[in-house]
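Residue numbers (our numbering), protein chains in the order written: chain A, 20 to 167; chain B, 21 to 894.
Here a beta-carbon is modelled for each residue, glycine too, at the ideal position from N, C-alpha and C.
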């Protein structure tokens with residue numbers, strides 16, 4: 020056997036090892052209920068914002084504390100705490116992918132991915148809505164004047 | 021029905037040229053194919069001439085399509101869906117090109133345009149390799165033309181045509197009710213006032229230049245691929261007398277690597293400057309998918325160099341060049357099929373062309389396998405196998421079958437290369453030889469590419485195996501902890517390997533040469549570690565140790581390569597392309613390591629009330645800081661004041677003026693991060709950072725949150741009172757004095773007629789805490805209409821409004837309100853030594869360009885020798 024073959028075998032073994040350990044770092048999609056059983060483990064939960072409860076965020080008091088209620092498609096609900104800024108379109112999101120750990124009384128969230136009815140993805144439904152708005156509103160009647 | 025205001029001619033011409041380009045590229049492919057297969061020289065020449073004509077017709081068509089589409093966009097012809105969907109009238113002219121490549125059709129067109137340019141150069145320069153190489157390029161053009169054809173076969177639409185009309189794509193009548201009234205539908209264009217606009221995140225100058233460069237990089241990977249396929253196809257596997265495919269392929273591969281590398285890093289620069297995730301690289305699937313072909317291409321360039329000098333590694337060269345193009349196609353599939361939708365921030369959306377994108381990849385995978393088969397009968401068998409597997413994949417609706425049929429094609433290719441490409445050397449290489457360590461380096465690059473592409477393909481793997489895996493808690497770290505070891509090994513290899521000689525090295529000589537660079541590198545690296553304060557704690561001591569080791573290796577690579585330009589090349593820069601490229605790569609490594617491990621958060625929250633984090637919580641203090649307008653706030657070594665804001669006159673793009681003043685020096689500067697607020701149905705804000713650049717670091721900030729006007733509804737009301745100049749009045753926190761009332765003809769905002777007048781009151785406010793402020797509300801008399809312009813003393817929550825002026829007395833309305841509290845929440849970072857990364861990229865690309873020039877010259881010389889040799893033989 021040539022040296023290069025030995026090197027090759029070693030490298031392939033290392034690559035397989037790396038891939039296996041990479042698999043170890045992966046997490047899974049869970050529901051609120053299955054996440055309860057995996058307390059302290061990192062999971063991703065697909066959920067919706069519970070609009071019947073207030074979203075708690077006050078940038079003057081603490082810009083790094085956001086708390087809200089969320090529920091998943093099976094009806095499980097939980098309190099979510101996210102120690103970063105409030106994603107600006109949280110209230111308009113359709114679906115949330117919450118990554119984090121389940122604690123005793125709340126879900127300690129480290130990352131929020133939002134599925135929004137957004138222009139960002141060139142969503143055609145939103146494009147249609149823009150078409151309606153463009154035709155319906157006069158340019159002068161701009162909704163942003165409230166920021167002045 | 022006729023519609024008023026439409027411009028249908030450009031669209032018709034566009035359609036025509038799309039069809040023409042499809043036909044012309046088909047003819048070119050067929051003719052070039054016949055030219056390769058012709059038995060006689062004269063047959064080959066006449067086929068080749070026909071093919072050239074067809075390809076030039078193709079070039080004209082593609083350029084025309086490009087020009088027409090740009091004409092439509094720049095003239096805002098919103099009757100075309102592409103123009104309506106991707107642009108708007110408010111868009112600056114410089115971004116009209118970005119609209120062009122925002123959509124899939126435009127970016128396919130861009131790709132195809134680059135193929136045309138490369139094809140023209142190949143026709144002029146590739147001599148005896150023209151016919152086979154151009155067969156492959158023309159065939160790729162056929163495939164790309166189908167992507168924008170928009171032709172229906174029964175119910176299946178092939179490709180997405182950029183010239184479709186808005187009224188045919190949307191049921192406008194149901195979207196805009198007004199169109200159902202009377203004759204309005206005939207004038208529908210007058211109801212479509214503006215386009216859907218370019219995604220605000222793409223309104224950045226990098227987006228004008230990054231896509232063309234990246235796509236030139238993607239497009240140019242076809243040239244080494246086409247040469248490799250031609251070598252297999254015509255069975256001229258090797259390079260016996262200096263006219264083989266490997267010679268012309270080398271400068272092309274270098275060109276491709278230089279351009280693709282630049283394109284990928286320009287994407288990094290765009291992410292750094294406009295995406296608010298605070299960095300140039302986030303291991304996003306789209307970024308990974310464009311880097312992986314580059315890694316494999318670099319591996320191919322190195323094995324090709326080994327082959328030129330020692331006759332080894334030819335098979336690996338075939339494999340790497342073929343794979344790098346296939347990986348470009350695979351990344352096209354990943355980013356355009358919508359499969360990354362959940363995992364990437366900048367993938368395209370699904371256009372319903374997944375089948376076609378899959379076929380593009382499938383066809384080229386099996387094309388390589390067919391070319392690899394030596395005997396004609398074998399080629400037929402492979403073709404049959406490819407078709408059978410494709411039918412199987414169609415009728416067995418399990419994603420695994422489609423996936424396995426691709427893998428089968430790849431394995432077939434590898435087996436044929438192994439079997440048919442001759443190996444020139446059977447003996448074992450010396451451990452002291454350059455090629456041995458170069459080959460190890462290419463293996464590392466290849467395996468790294470494999471790791472990254474497998475990790476990136478997680479959504480594909482989930483689909484095939486029906487799993488629900490997702491990236492773990494810290495997806496960036498799960499890449500970094502692997503790549504750091506790659507950096508260590510590659511750092512050492514790029515430092516040492518050039519000091520070795522091909523075939524065998526006299527070790528005494530080697531040690532003599534490398535001793536000094538090694539010692540210097542050790543000294544410099546120790547200084548950097550001792551005083552550089554590289555102290556990255558997020559992932560424990562082990563990872564910090566790895567960072568230190570990698571930094572040492574990267575510095576070693578920089579020093580050793582710089583030294584080699586003098587020690588090995590005696591300072592002849594023309595010959596030192598390789599060393600310069602490696603030097604640049606070393607700088608990149610150093611820049612990446614230092615800038616990411618020493619990135620500092622400046623906006624640690626020091627003003628907010630902390631929520632108790634609980635015992636043993638590893639939670640860091642928050643990275644967001646809130647600045648109240650006018651109130652100085654401490655941020656790192658700075659005092660920062662949110663001074664004012666302003667709005668872009670044409671769109672809801674707001675600029676926030678933040679003044680930074682150093683606490684320890686006289687240094688001060690202003691940053692203006694901006695944000696789109698409630699932009700076109702996108703609720704909330706989309707922030708763009710602003711940065712202050714220094715030679716050794718950047719201060720970098722962006723807005724993360726703004727007050728919600730809905731929640732801050734104003735409930736208090738104005739109280740009015742009449743004051744004469746000099747009068748004093750009280751408010752809850754102090755008193756104020758009406759200083760003077762003057763009449764002016766003009767105000768800074770302008771827009772007044774000569775007959776209009778402006779009254780301006782000057783009010784001095786004295787608060788209890790002994791600070792005083794000046795407020796100047798206006799009252800504009802515009803042709804008898806009185807328009808008050810309020811003024812606010814933010815820190816006192818006071819709003820003044822001038823209602824009436826009568827000589828030296830004025831009616832003043834005053835309001836005290838909490839809702840005037842204006843603030844921004846932001847994040848700020850300090851990025852050290854980011855310029856090392858950028859200058860490393862520039863050096864690396866410069867080195868590659870020097871190598872291209874040198875290789876072209878060498879090829880010319882060796883061709884002359886070969887021609888003389890052939891003449892002598894005759």
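Residue i (DSSP reduced to helix, strand or coil)
i                     : result
residue 510 (chain B) : helix
residue 97 (chain B)  : coil
residue 630 (chain B) : With a pLDDT of 38 at residue 630 (chain B), under the threshold of 50, the modelled position of this residue cannot be trusted; read the value that follows with caution. Reduced to three states, the DSSP call for residue 630 (chain B) is coil.
residue 342 (chain B) : helix
residue 488 (chain B) : coil
residue 107 (chain A) : coil
residue 678 (chain B) : strand
residue 63 (chain B)  : helix
residue 802 (chain B) : strand
residue 187 (chain B) : helix
residue 725 (chain B) : strand
residue 206 (chain B) : helix
residue 644 (chain B) : coil
residue 663 (chain B) : strand
residue 176 (chain B) : strand
Among the options, nearest to residue i - alpha-carbon criterion
i                     : options                    : result
residue 469 (chain B) : B:737, B:888, B:311, B:708 : B:311
residue 120 (chain B) : B:868, B:94, B:140         : B:94
residue 603 (chain B) : B:471, B:865, B:552        : B:865
residue 782 (chain B) : B:793, B:776, B:775, B:658 : B:793
residue 625 (chain B) : A:130, A:80, A:50, A:47    : A:80
residue 50 (chain B)  : B:227, B:799, B:66         : B:66
residue 101 (chain A) : A:23, A:50, A:41, A:77     : A:77
residue 515 (chain B) : B:496, B:495, B:528, B:541 : B:541
residue 264 (chain B) : B:251, B:274, B:273, B:272 : B:251
residue 606 (chain B) : B:580, B:763, B:305        : B:580
residue 443 (chain B) : B:26, B:123, B:211, B:259  : B:259
residue 111 (chain A) : B:778, B:705, B:844        : B:705
residue 748 (chain B) : B:233, B:829, B:668        : B:829
residue 27 (chain A)  : B:464, B:257, B:59         : B:464
residue 306 (chain B) : B:334, B:357, B:814, B:594 : B:357
residue 85 (chain A)  : A:109, A:71, A:33          : A:109
Inter-residue CB distance, residue i and residue j (contact presumed, cutoff 8 angstroms)
i                     : j                     : result
residue 585 (chain B) : residue 867 (chain B) : Their Cβ separation, rounded to whole angstroms, is 10 angstroms, which puts residue 585 (chain B) and residue 867 (chain B) out of contact at 8 angstroms.
residue 142 (chain B) : residue 157 (chain B) : 7 angstroms
Minimum Cβ-Cβ distance from residue i to chain E less than 9 angstroms
i                     : result
residue 103 (chain A) : Looking at the structure shown, chain E is missing, and the protein chains on hand are A and B.
- Message: By the 7 angstroms beta-carbon criterion, what residues does the region 486-507 of chain B contribute toward chain A?
- Response: 488, 489, 490, 491, 492, 493, 498, 502
- Count the CB pairs spanning the region 393-407 of chain B and the region 165-184 of chain B that are closer than 8 angstroms, and state whether there are at least three. no
- Decide if the region 506-516 of chain B is in contact with the region 570-589 of chain B; the criterion is three or more beta carbon pairs, one per stretch, under 8 angstroms apart. yes
- May I ask you to list, following chain order, the residues of the region 78-101 of chain A that have a beta carbon less than 7 angstroms from some beta carbon of chain B? 78, 79, 80, 81, 82, 83, 84
- Message: If the cut-off is 8 angstroms on Cβ atoms, which residues from the region 462-473 of chain B count as contacting chain A, listed in chain order?
- Response: 463, 464, 467, 470, 471
- Message: I want to know whether the region 683-690 of chain B touches the region 116-130 of chain A - three or more CB-CB distances under 8 angstroms.
- Response: no
- Within 8 angstroms of chain A by C-beta, residues of the region 425-454 of chain B in sequence order: 448, 449, 451
- Item | Residues of the region 21-55 of chain A with Cβ closer than 9 angstroms to any Cβ of chain B, in chain order | 21, 22, 23, 26, 27, 30, 31, 33, 34, 37, 38, 40, 41, 42, 43, 44, 45, 46, 47, 48, 49
- On the three-pair Cβ rule with 8 angstroms, is the region 341-353 of chain B touching the region 242-249 of chain B? yes
- Message: Below 8 angstroms, how does it come out for the region 322-336 of chain B and the region 216-226 of chain B: are there three or more Cβ pairs, yes or no?
- Response: no
- Would you check if the region 379-387 of chain B and the region 419-431 of chain B touch, i.e. whether three or more CB-CB distances between them fall below 8 angstroms? yes
- Tell me, please, whether the region 144-155 of chain B touches the region 55-64 of chain B by the rule of three or more beta-carbon pairs shorter than 8 angstroms. yes
- Item | Where the region 109-120 of chain A meets chain B: residues whose CB sits under 9 angstroms from a CB there | 109, 110, 111, 116, 118, 119, 120
- Message: Three Cβ pairs or more, each shorter than 8 angstroms: is that satisfied between the region 195-207 of chain B and the region 163-170 of chain B?
- Response: no
- Cβ pair count under 8 angstroms reaching 3, the region 432-445 of chain B against the region 389-396 of chain B: yes
- Item | Any 3 or more C-beta pairs closer than 8 angstroms across the region 756-766 of chain B and the region 876-893 of chain B | no
- Message: Count Cβ pairs between the region 77-91 of chain B and the region 34-42 of chain B that sit closer than 8 angstroms; are there 3 or more?
- Response: yes
- Query: Can we say the region 497-505 of chain B touches the region 463-478 of chain B, given the rule of at least three CB pairs closer than 8 angstroms?
  - Reply: yes
- Query: In the region 794-812 of chain B, which residues sit with their C-beta less than 7 angstroms from some C-beta in chain A, listed in chain order?
  - Reply: none
- Which of the residues in the region 816-840 of chain B, read from start to end, lie with their CB under 9 angstroms from any CB of chain A? none
- Query: Quick one: any contact between the region 795-808 of chain B and the region 817-837 of chain B, if contact means 3 or more CB pairs under 8 angstroms?
  - Reply: yes
- Message: Does the contact criterion of 3 or more C-beta pairs under 8 angstroms hold for the region 478-490 of chain B versus the region 281-290 of chain B?
- Response: no
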